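In this text, residue positions in the sequence shown follow my numbering: the first is 24, and each later residue adds one. The beta carbon of each residue, even a glycine, is placed where N, CA and C say it ideally should be. Being a predicted model, the structure only gives us computed values, none of them experimental. The structure appears right after this line, and notes come after that.
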Amino acid sequence: MADKDVEQTDERGDVPGPWWADLGTWGAVALIVFGGLAAAWVFFRLPGTPEEPASGYYSAARVIAIGLVTVGCALLGRRRARAAAMEETEGRERV
């Protein structure tokens, strides 16, 4: 292969994040609701339910867990941003 045919980048920022990284608060809430609906679907053994209910519950629990972690991180980020803004405004008033 010639050097022209191969594209090389030295940047480390090219790696895409996980699919849930940019969901935000409402996307995470939607994941939690979707996981709850999936668990109810398995509980009532509606069409498409796996033969082994434990695998259906496991999948639903994973979706709910991703939603809970994402919403927790989003809310924690908001809280930290609000606290930083409050500190900044209090610092200006004292000077």
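- Distances from the alpha-carbon of A83 to those of L60, A107, A108 and P41 put L60 closest.
- Just measuring C-alpha positions, the residue of P76, I89, S78 and A107 sitting nearest W49 is I89.
- Counting every other CB atom within 10 Å of its CB across the protein chains shown gives G58 a total of 16 or more, marking it as buried.
- In the structure shown, G40 adopts coil according to DSSP, grouped into three states.
- Scanning E74, Y81, T93 and A108 for the CA closest to the CA of P41 turns up T93.
- DSSP places L46 outside any alpha helix (DSSP H), giving it a letter other than H or E.
- Nearest C-alpha to G100 among A53, G47, Y81 and G71: G47.
- The C-alpha of M109 lies about 42 Å from the C-alpha of Y81.
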